[in-house]
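Add 94 to the 1-based position in the sequence shown for this note's numbering, that's all there is to it.
Every residue, glycine too, gets a C-beta built ideally from N, C-alpha and C.
Owing to the predicted nature of the structure, the values given are computational and were not obtained by experimental measurement.
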Amino acid sequence: MKRYAFIAATISVMLLAAAYGLSAAEGPADPPVIVVIEGSAFSPEVASVKVGGEVVWKNKDASSHSITADDESFDSGSLNQGDEYRRKFTKAGTVKYSCGIHAYMSGKIEVR
């Protein structure tokens, strides 16, 4: 009987250690990358995010703006002052975007 209790206790400790090891290895998620829209510009103009990471665009301008991917894979629609747009990036590469309202405004997300 003592042998079974010892085996059960050993297995329990191993399972707990494995579960803790996995969660510790993953660690907390990275905070989102913030891109501010102000003065009719994206800041930073080039932002970097890990695969699976999120970018948040925050419009601080009195003018409306939008975020439209050059390849048309996403479009935020019109963002008024105080609005924000969030997007997760799941594939590595470079994503170029611009403001659909003001074509001279452009930026780039480097997904690594």
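Here the segment 158-165 lies against the segment 184-194, with 3 or more beta-carbon pairs under 8 Å apart. E166 and E178 have their C-alpha atoms roughly 19 Å apart.
Each of S137, G146, F168 and Q175 was checked against the Cα of D155, and the nearest Cα belongs to Q175.
Here Y198 carries a coil assignment [DSSP, helix/strand/coil].
Residue G146 holds the alpha-carbon nearest to the alpha-carbon of V127 among G146, S200 and K185.
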